[in-house]
Amino acid sequence: MQAPTLTPSAAARVGQIATKQGRAPILRLSVEGGGCSGFQYKFELGEPEGDDVTSERDGVKLVIDPVSLELVAGSTVDFVESLGGAAFRVENPQAAAGCGCGSSFGI
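Going by full-length UniProt numbering, the first residue of the sequence shown is number 1, and it counts up by one from there.
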(Lines of atoms letter the chains of each structure in order from A and count residues from 1; the text may use other names and numbers.)
(Lines give C-alpha, C1' and ligand atoms only; values in the text may rest on other atoms or scores of the structure.)
Protein backbone atom coordinates (compact mmCIF):
# COMPACT_ATOMS: atom_id res chain seq x y z
CA MET A 1 0.00 0.00 0.00
CA GLN A 2 1.35 3.39 -1.00
CA ALA A 3 1.74 5.85 1.88
CA PRO A 4 0.16 9.28 1.43
CA THR A 5 2.54 12.07 0.45
CA LEU A 6 2.85 15.75 1.35
CA THR A 7 2.95 18.51 -1.25
CA PRO A 8 5.69 21.13 -0.88
CA SER A 9 3.03 23.60 0.34
CA ALA A 10 1.82 21.20 3.06
CA ALA A 11 5.37 20.39 4.15
CA ALA A 12 6.21 24.09 4.43
CA ARG A 13 3.09 24.80 6.52
CA VAL A 14 3.72 21.86 8.87
CA GLY A 15 7.29 23.13 9.30
CA GLN A 16 6.03 26.62 10.19
CA ILE A 17 3.49 25.31 12.71
CA ALA A 18 5.99 22.93 14.32
CA THR A 19 8.63 25.68 14.62
CA LYS A 20 6.11 28.04 16.20
CA GLN A 21 5.12 25.37 18.75
CA GLY A 22 8.70 24.20 19.36
CA ARG A 23 7.88 20.67 18.18
CA ALA A 24 9.27 18.23 15.63
CA PRO A 25 7.87 18.66 12.10
CA ILE A 26 5.77 15.49 12.12
CA LEU A 27 2.16 15.57 10.91
CA ARG A 28 -0.11 12.69 11.92
CA LEU A 29 -3.01 11.93 9.58
CA SER A 30 -5.74 9.64 10.83
CA VAL A 31 -9.24 8.72 9.73
CA GLU A 32 -12.18 8.64 12.13
CA GLY A 33 -15.82 7.73 11.72
CA GLY A 34 -18.16 10.69 11.37
CA GLY A 35 -18.49 13.77 9.23
CA CYS A 36 -21.08 14.40 6.52
CA SER A 37 -19.91 11.52 4.32
CA GLY A 38 -19.04 8.74 6.79
CA PHE A 39 -15.35 9.32 7.55
CA GLN A 40 -13.36 12.40 8.45
CA TYR A 41 -9.69 13.30 8.34
CA LYS A 42 -7.88 14.32 11.51
CA PHE A 43 -4.55 16.19 11.54
CA GLU A 44 -2.27 16.76 14.51
CA LEU A 45 1.42 17.15 15.29
CA GLY A 46 2.72 13.93 16.80
CA GLU A 47 5.41 11.31 16.99
CA PRO A 48 5.51 8.03 15.04
CA GLU A 49 4.18 5.05 16.96
CA GLY A 50 4.88 1.30 16.65
CA ASP A 51 3.66 0.22 13.22
CA ASP A 52 2.95 3.64 11.68
CA VAL A 53 3.83 4.19 8.05
CA THR A 54 5.93 7.28 7.37
CA SER A 55 6.65 9.38 4.30
CA GLU A 56 8.84 12.49 4.18
CA ARG A 57 9.20 15.67 2.13
CA ASP A 58 11.62 18.55 2.75
CA GLY A 59 12.45 17.30 6.25
CA VAL A 60 8.80 17.03 7.31
CA LYS A 61 7.34 13.62 8.14
CA LEU A 62 3.78 12.42 7.53
CA VAL A 63 2.82 9.48 9.75
CA ILE A 64 -0.29 7.33 9.53
CA ASP A 65 -1.54 4.29 11.40
CA PRO A 66 -2.17 1.03 9.47
CA VAL A 67 -5.98 1.15 9.83
CA SER A 68 -6.19 4.70 8.46
CA LEU A 69 -3.69 3.82 5.72
CA GLU A 70 -6.20 1.41 4.19
CA LEU A 71 -8.58 4.35 3.65
CA VAL A 72 -6.07 6.90 2.36
CA ALA A 73 -3.42 4.88 0.51
CA GLY A 74 -2.13 6.79 -2.51
CA SER A 75 -3.48 10.13 -1.26
CA THR A 76 -1.80 13.52 -1.37
CA VAL A 77 -1.99 15.98 1.54
CA ASP A 78 -1.94 19.60 0.41
CA PHE A 79 -2.22 22.96 2.14
CA VAL A 80 -4.45 25.42 0.31
CA GLU A 81 -5.21 29.07 0.96
CA SER A 82 -8.26 30.75 -0.56
CA LEU A 83 -10.77 33.47 0.20
CA GLY A 84 -12.65 30.89 2.29
CA GLY A 85 -9.63 30.30 4.53
CA ALA A 86 -6.61 28.05 4.74
CA ALA A 87 -6.65 24.32 5.41
CA PHE A 88 -4.98 21.00 4.85
CA ARG A 89 -6.76 19.01 2.14
CA VAL A 90 -6.51 15.35 1.25
CA GLU A 91 -6.74 14.35 -2.40
CA ASN A 92 -7.93 10.77 -1.88
CA PRO A 93 -8.24 8.55 -4.97
CA GLN A 94 -10.30 6.05 -2.96
CA ALA A 95 -13.00 8.54 -1.92
CA ALA A 96 -16.24 7.87 -3.78
CA ALA A 97 -18.03 10.78 -2.10
CA GLY A 98 -17.05 13.95 -0.30
CA CYS A 99 -18.62 17.07 1.07
CA GLY A 100 -18.19 20.79 0.59
CA CYS A 101 -16.09 21.21 3.72
CA GLY A 102 -13.40 18.91 2.29
CA SER A 103 -12.74 17.22 5.60
CA SER A 104 -15.02 14.20 5.25
CA PHE A 105 -15.38 11.46 2.67
CA GLY A 106 -17.10 8.18 1.85
CA ILE A 107 -15.83 5.02 0.20
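Even glycine gets a Cβ: it sits at the ideal position worked out from N, Cα and C.
Being a predicted model, the structure only gives us computed values, none of them experimental.
Terminal residues of the beta strand (DSSP E) in which residue i lies
i: glutamine 94; result: Run containing glutamine 94: none; DSSP gives neither H nor E here.
For residue j and residue i, the rounded distance between their alpha carbons
i: threonine 76; j: glycine 85; result: 19 Å
i: glutamate 91; j: alanine 18; result: 23 Å
i: glycine 38; j: threonine 5; result: 23 Å
i: lysine 61; j: leucine 27; result: 6 Å
i: aspartate 58; j: glycine 33; result: 31 Å
i: lysine 42; j: phenylalanine 88; result: 10 Å
i: threonine 7; j: phenylalanine 79; result: 8 Å
i: glycine 22; j: valine 63; result: 19 Å
i: alanine 24; j: valine 14; result: 9 Å
i: glutamate 81; j: glycine 46; result: 23 Å
i: aspartate 65; j: threonine 54; result: 9 Å
i: leucine 71; j: glutamine 2; result: 11 Å
i: lysine 20; j: glutamate 44; result: 14 Å
i: alanine 95; j: alanine 10; result: 20 Å
i: glutamate 56; j: leucine 83; result: 29 Å
Residue burial classification, residue i (beta-carbon count within 10 angstroms, cutoff 16)
i: serine 30; result: buried
i: aspartate 51; result: exposed
i: leucine 69; result: buried
i: valine 67; result: exposed
Beta-carbon spacing of residue i, residue j below 8 Å
i: glycine 74; j: proline 93; result: yes
Query raised in the report: What alpha helix (DSSP H) runs, 4 residues minimum, are completely inside the UniProt domain "Core" (5-102)?
Result: 8-21, 66-72
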